[in-house]
Amino acid sequence: MNTLQMDINKLNITLLRIFRQGVAAALGLLPQQVHINRLIGKKNCVELFVSPLNRKPGISDALPSEEVLRSLNINILHQSLSQFGITEVSPEKNVLQGQREADKIWSKEGFYAVVIFLSIFVILVTCLMVLYRLKEKIQLSLRQEKEKKQEIHLSPLPLQTSRSEYKTTNSMVQPEQAPKVVNVVVDPQGQCVPELKPPPCASPSPFRMKSVGLQERRGSNVSLTLDMSSLGSIEPFVAVPTPREKVAMEYLQSAGRVLTRQQLRDAVACSHLLQTEFMEIPMNFVDPKEIDIPSHGTKNRYKTILPNPLSRVYLKPKNPSDSLSTYINANYIRGYGGKEKAFIATQGPMINTVNDFWQMVWQEDSPVIVMITKLKEKNEKCVLYWPEKRGIYGKVEVLVNSVQECENYTVRQLTIKQGSQSRSVKHYWYTSWPDHKTPDSAQPLLQLMLDVEEDRLEAPARGPIVVHCSAGIGRTGCFIATAIGCQQLKEEGVVDALSIVCQLRVDRGGMVQTSEQYEFVHHALSLYESRLSAEAVQ
1 MNTLQMDINK LNITLLRIFR QGVAAALGLL PQQVHINRLI GKKNCVELFV
51 SPLNRKPGIS DALPSEEVLR SLNINILHQS LSQFGITEVS PEKNVLQGQR
101 EADKIWSKEG FYAVVIFLSI FVILVTCLMV LYRLKEKIQL SLRQEKEKKQ
151 EIHLSPLPLQ TSRSEYKTTN SMVQPEQAPK VVNVVVDPQG QCVPELKPPP
201 CASPSPFRMK SVGLQERRGS NVSLTLDMSS LGSIEPFVAV PTPREKVAME
251 YLQSAGRVLT RQQLRDAVAC SHLLQTEFME IPMNFVDPKE IDIPSHGTKN
301 RYKTILPNPL SRVYLKPKNP SDSLSTYINA NYIRGYGGKE KAFIATQGPM
351 INTVNDFWQM VWQEDSPVIV MITKLKEKNE KCVLYWPEKR GIYGKVEVLV
401 NSVQECENYT VRQLTIKQGS QSRSVKHYWY TSWPDHKTPD SAQPLLQLML
451 DVEEDRLEAP ARGPIVVHCS AGIGRTGCFI ATAIGCQQLK EEGVVDALSI
501 VCQLRVDRGG MVQTSEQYEF VHHALSLYES RLSAEAVQ
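Here the sequence shown is numbered in the UniProt record's numbering, starting from 1 and rising by one per residue.
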C-alpha cells in the first residue's frame, strides 16, 4: 500500500479531523479521499494514504505517494496545519515530520539517563580500584609471610663424642626427595652402609645430572633449614658461621668409603646414597674472626668464602708493616697420597686482586692455571686478568705467545717475567660449565684433567697447579677431587671419593659445594674407570 507517515505532537479525534481536512485542502481533494490510520507500536505516528474518488468497493486502490506529493501544496498545508508544526515533507522517507520534545537529544529524561549512567560508571570504577588495592595489600602480606618462612634458621652444632650422634645432628640441607627410610646393610667388604628405600632407582642410563634444587649455600658450617622450592642457585649469602666444632674436624679426618670399580659403577647408578652421604660431610667454613688481618674483606669476592688459616697462601709482603699485602683468598691443597701443595685453590681474581694473583703464580712457580668459569654468568664471576698480547701486573709481566681453541676450553701459552727471569705458564680456560648446574657430560672435564696432569708430569720440579672458578670451592673442588680420584684409581684400582672430599674441606672449606657436584665427581671417576678397563683389555 502506498502510504505517507507523519510524526506530530498530539493526536485525538478532533485533531485528526482537522488534520484530514488540512491535508485534503492542500491536495485539492475531498476529505473522504484522505484516509488516516494509527500505527500500532509507534507513539504519535499515523499512516496516511489517498484514494481516487471513484474507486470500486472492496478495492484499496491508493494513489502512489510520489503522485500525492507532487500535487501537495506546501503553502496551503502550512497555513491549514500550522498548529501541528509540520516542518518537512520527504518523498524519500515518506514521512511528514514534526518537532517533538521527546526526540530532542538533550531532553530532560535523556539528561537524567546520561547522569545516571555516568554515576554508575564512576561507582564501578571506584569499586574496582578499591578491590585492586585490597588485592595488592593481601599479596604483599602473603609475600612477607613467605619470606619469613624462607629465612635461614641457624643452629650451632652441639658438641658430640660419638660418630652416630654426630651424623644425626650435623646433616646439612636435606633434598626435597630425601629418603624417608634408611636401613643398614653390610656391603661385600663387610662395611655397614645405609640401604635406602626411596622410589626405586632407575636403571643405569647415559650420564645426565638431574636438578634437585639447592643443597648447600656458600659460607656456613652450621645446620640449615631452607625452603627448597624457592631457592635455585648456589650463590653465597650473608650468614654468620659458628666456630668449627671438634667433632666436625674428627669426621673430616677419619671418614671414608673405599669403592671397588664395581661398587663405583653401582654408586653412580643410584644417586640417593651419594646424596645422603654428601649431606653428612661438614662444610668446614671459616669464621671471619680467625683471620686477623685488617680490611682483608676488600680482597674477598664473597664475604663468607674465606681461606682456611692453616693452609692459606701467604704472599711476600711489600713492606713488613703491611699485613694486608700478604693476603690472598687462596689455599694450598694436598694431592694424592697427601702430597703437600699439589694444588692451589683460589677465587676468581677481582679488579683489585689481579696483581696479587700474578704475584702468587710467580712466587709459587706454578706451571699451569686452570680457570673453570666464564667471566660473567648471571653476575660477574671473574675479571679478565690476562692481556691480549702483553700486560704488566704489579712486578709481573705477562706475554701471550699462542692461543689454541679446543672444543670445550681454550689453551694459552704464556710467558711471565719478573726482572731478568722468565717462566712458561699454560692457561686452560674451561667455558662449557653451565651456571648453577653441572655439565651434562663429565667427558670434557675429564679430558681437561688428563691434559693438565700431562703438563704436571712434564714439569715435576715446579710448583702447584692453580685452579679457580668464581668462589674457588665448587667447580674448583670438582676438578681437584676428580684429579686425585683418577690417580687413586690408576694406582690402587679403588677410589675413596668421600675421603678425598673430606681432605679437600680440611684444606679449604666448602670444596665440592653441592650434592649434584658430588655425584658429578663420581660420574667422572666412573668414566675414567671405564677408560682404564678399556685400556687394560687392549
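Cβ coordinates follow ideal geometry from the N, Cα and C atoms, glycine included.
Between residue 541 and the rest of its own chain, which residues show a CB-CB distance below 7 Å, the 5 nearest in sequence each way excluded? No answer is possible for residue 541: the residues shown for the chain start at 1 and end at 538.
Would you kindly check if the distance between the Cβ of Val494 and the Cβ of Leu504 is under 8 Å? no
My understanding is that Val467 touches Phe343, with C-beta atoms under 8 Å, so please give their C-beta distance in whole angstroms. 6 Å
Short of 6 Å in beta carbon distance, which residues of its chain neighbour Pro31, apart from the five on each side in sequence? Order them along the chain. Arg20, Gln21 and Ala24
For Val212, the three-state DSSP class (helix, strand or coil): Its pLDDT being 39, under 50, Val212 is placed unreliably in this model, and the coordinates cannot settle the point.
Buried versus exposed call for Pro282 [16 or more other C-beta atoms within 10 Å across all chains shown]: buried
Which term fits Glu109, buried or exposed, when burial requires 16 or more other beta carbons within 10 angstroms of its beta carbon? exposed
Is the beta carbon of Ile484 closer than 8 Å to that of Gly335? yes
Could you tell me how far apart the beta carbons of Ala481 and Ala497 are, in whole angstroms, since I believe they sit closer than 8 Å? 7 Å
Considering only the beta carbon of each residue, do Thr438 and Phe520 sit closer than 8 Å? yes
Counting Cβ pairs closer than 8 Å, one from the stretch 320 to 333 and one from the stretch 385 to 393, do we hit at least three? no
Opposite Met371 in the DSSP bridges: which residues? Trp429 and His468
For Thr476 versus Ile369, is the C-beta spacing smaller than 8 Å? no
Please confirm if the stretch 294 to 304 is in contact with the stretch 316 to 329, defined as three or more CB-CB distances below 8 Å between the two stretches. yes
Touch test, the stretch 395 to 412 against the stretch 373 to 382, Cβ-Cβ under 8 Å, three pairs minimum: no
Which residue's Cα is closest to the Cα of Val286: Val34, Ala524 and Gly509? Gly509
Starting from Ser422, follow its DSSP beta bridges and name the residues at the other end. Lys417
Quick one: measure Cβ to Cβ for Ser530 and Pro464, integer angstroms, because I've assumed they're closer than 8 Å. About 29 Å separates the two Cβ atoms, so there is no contact after all.
Between the C-alpha atoms of residue 556 and Arg70, what's the straight-line distance to the nearest angstrom? Nothing in the structure corresponds to residue 556, since the chain is present only between 1 and 538.
What number of angstroms, rounded off, separates the C-alpha of Leu27 from the C-alpha of Pro52? 12 Å
Local conformation of Arg475 per DSSP, three classes: helix
With Glu364 as the anchor, note down where its alpha helix (DSSP H) starts and where it stops. Val354 to Glu364
Whose CA, out of Val501, Ile76, Glu290 and Arg462, lies closest to the CA of Glu280? Val501
Is Asp75 helix, strand or coil when you go by DSSP? First, the amino acid is wrong: residue 75 is Asn here, not Asp. Note: Asn75 maps to helix in three-state DSSP.
Please go through the same chain and pick out, in chain order, the residues whose beta-carbon is closer than 7 Å to the beta-carbon of Asp455, but skip the five residues on each side of it. Pro367, Val368 and Lys426
Residues in the same chain with beta-carbon distance under 8 Å from Gly190, minus the five sequence neighbours each way, listed in chain order, please. The predicted position of Gly190 is uncertain, since its pLDDT is 49 and thus under 50; a value taken from the coordinates is nonetheless stated next. Counting only Cβ-Cβ distances below 8 Å, and skipping sequence neighbours, we find nothing.
Looking only at its chain, what residues have a beta carbon closer than 7 Å to the beta carbon of Tyr528, apart from the 5 residues adjacent to it on each side? Leu446, Cys486 and Leu489
Run through the stretch 270 to 310 for me and flag every whole alpha helix (DSSP H) of 4 or more residues, listed as ranges in chain order. 271 to 279
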